[in-house]
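Asks: Chains as they are written, first to last, in my numbering: chain A, 3 to 204; chain B, 3 to 204.
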DNA sequence: AAATTAAAAACAAACGGTTGGTTTGTTTTT
DNA sequence: AAAAACAAACCAACCGTTTGTTTTTAATTT
């Protein structure tokens, strides 16, 4: 594959990520993707085979590009293990805000039943293990309550995911809270105290 | 509108719920819905106007039909306020399992940016308030940790939603846990201890 | 260094099928 | 007689995909 071909391949992929993320598999059209990528329609079939193969390629692309736990987050959590919940939450929220494509594509994939989910988690597993070590150390240091790592991670992932995937609904539900930002701060703080032992903050 | 017309209207609505929930707005087709409802295509436009209007009608239908906190759940929680977290979680999971249409339709609506979300929450608000009273009583009785009601409810809703909307992904992520049911039980138990004060269980 | 050439890359245009939406006319039920 | 439901066709638009042609690139030959 020549240099020029690689570039157009990437242009297609970027357009696909953008449009699939915005409108889903059935909502986005090959014509739109081709137009946004400034590429002839047929190139898409030449490089990706079919619409569904393009979707999976786009999904994998996003997953490999984005690291859920940034170096900063892990380093920060290492220094202040008693605040690990707040730090990781803030990290999650930041990543999701910076890459809305990520959770949207994942949401579409889950609803539409994409098949490549195994490959996705392979990429994520290694990241998880680094965090697990930090977390379990904090638990045995009696900084955190003795809740299993899986439950803790699941809760944080769930809260973050829910905050974004139900934004439309939440605006009305959580009345009394004026802004989304306020809600995030409140949630982060509350969850942090929830998972922390009482003597840790002394 | 005659009796017969009402029935066909309902048949259309039920078919719409089923197919929109399964395949989303763009994925489902009017022809399929008409076929499943055993109704002439034209009747759909006679009663609902357009595809998008049918979608919103289907969404509202599901929301009004399903009560998120059943009478059983609330009664049970009233008797055992120290187990309110586990009880409500189990209730949520049960409702979601019994009505997969609910969260799927909501997920599609959120992704596709439906506009009728305001109406949805109006229906939910009253239910929330009954639960709030129970919860806040349990907090002031020192059975639960002093976490705001909103954060508590948000967490439980998020965990439940996440469990269903990311089922495909989770099967691989949470390795070491053999079945989904085991995971649910673990999560429920852990969250319950998390939100309960230590003296409550004594 | 310039010309040639074959493959790779990109294009334009059309294909057959399906979509949402609508209409026209007819039959059935109330 | 009016309301409800039907059958069937229509439309323009769009879907994913394919075919045939032109342009660009890079290696080869002169």
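Even for Gly, the Cβ is constructed at its ideal location relative to N, Cα and C. Being a predicted model, the structure only gives us computed values, none of them experimental.
For residue 31(B), does the count of other Cβ atoms within 10 angstroms reach 16, so buried, or fall short, so exposed?
Replies: Its Cβ having fewer than 16 others within 10 Å, residue 31(B) is exposed.
Asks: How is residue 146(A) classed by DSSP in three states: helix, strand or coil?
Replies: Correct three-state label for residue 146(A): strand.
Asks: Would you please state the rounded distance, in angstroms, between the beta carbons of residue 35(A) and residue 18(A)? I believe it to be under 8 Å.
Replies: The Cβ separation is near 5 Å, so the contact holds.
Asks: Identify, in the order they occur along the chain, each residue of the same chain with its Cβ nearer than 8 Å to the Cβ of residue 40(A), setting aside the five sequence neighbours on each side.
Replies: Once the five neighbours on either side are set aside, the close Cβ partners of residue 40(A) are 13.
Asks: Between the C-alpha atoms of residue 11(A) and residue 62(B), what's the straight-line distance to the nearest angstrom?
Replies: If I take the Cα positions, the gap works out to 42 Å.
Asks: Distance, Cα to Cα, residue 22(A) vs residue 46(A)?
Replies: Spanning the two alpha carbons is a distance of roughly 14 Å.
Asks: Check whether the stretch 81-99 of chain B touches the stretch 143-159 of chain B, taking contact to mean three or more Cβ pairs, one atom from each stretch, closer than 8 Å.
Replies: Result yes; three or more Cβ-Cβ pairs closer than 8 Å.
Asks: Which of helix, strand or coil does DSSP assign to residue 198(A)?
Replies: Three-state DSSP puts residue 198(A) in a strand.
Asks: What whole-angstrom Cβ distance do residue 162(A) and residue 95(A) have, given they're in contact under 8 Å?
Replies: Right, the Cβ-Cβ distance comes to about 6 Å (below 8 Å), so this counts as a contact.
Asks: Taking Cβ-Cβ distances shorter than 8 Å, what residues in chain B pair up with residue 188(A)?
Replies: Going along chain B in sequence order, the residues near residue 188(A) (Cβ under 8 Å) are 150, 152, 153.
Asks: Identify the continuous alpha helix (DSSP H) that holds residue 44(B) and give its terminal residues.
Replies: Residues 43-50.
Asks: By the 7 Å beta-carbon criterion, what residues does the stretch 22-56 of chain A contribute toward chain B?
Replies: Per Cβ criterion, the list reads 26, 28, 29.
Asks: Are any of the Cβ atoms in chain B nearer than 8 Å to that of residue 109(A)?
Replies: Interface residue, yes.
Asks: Mark residue 33(A) as exposed unless 16 or more other C-beta atoms lie within 10 angstroms of its C-beta, in which case mark it buried.
Replies: Its Cβ having fewer than 16 others within 10 Å, residue 33(A) is exposed.
Asks: Using 8 Å as the threshold, is the stretch 181-196 of chain A in touch with the stretch 184-195 of chain B, meaning 3 or more CB pairs across them?
Replies: Verdict: no, contact absent.
Asks: So what's residue 89(A) in DSSP terms, helix, strand or just coil?
Replies: Helix at residue 89(A).
Asks: At a cut-off of 7 Å, would you count residue 128(B) as near the ligand FAD, judging by its Cβ distance to the nearest heavy atom?
Replies: With respect to the ligand FAD, the structure shown offers nothing to examine, as it has no ligands at all.
Asks: By alpha-carbon positions, which one of 78(A), 92(A), 6(A), 106(A) ends up nearest to residue 191(A)?
Replies: If we check each option's Cα against that of residue 191(A), 92(A) comes out closest.
Asks: Tell me, to the nearest whole angstrom, how far the beta carbon of residue 2(B) is from that of residue 112(A); I am working on the premise that it is less than 8 Å.
Replies: Chain B is shown from 3 up to 204; residue 2(B) falls before or after that span and cannot be answered.
Asks: For residue 82(B), does the three-state DSSP call read helix, strand or coil?
Replies: Correct three-state label for residue 82(B): coil.
Asks: With a CB to CB cut of under 6 Å and the five nearest residues on each side skipped, what residues in its chain are close to residue 104(A)?
Replies: Once the five neighbours on either side are set aside, the close Cβ partners of residue 104(A) are 64, 68.
Asks: So with Cβ pairs under 8 Å, would you call residue 97(B) a contact of chain A?
Replies: So, not an interface residue.
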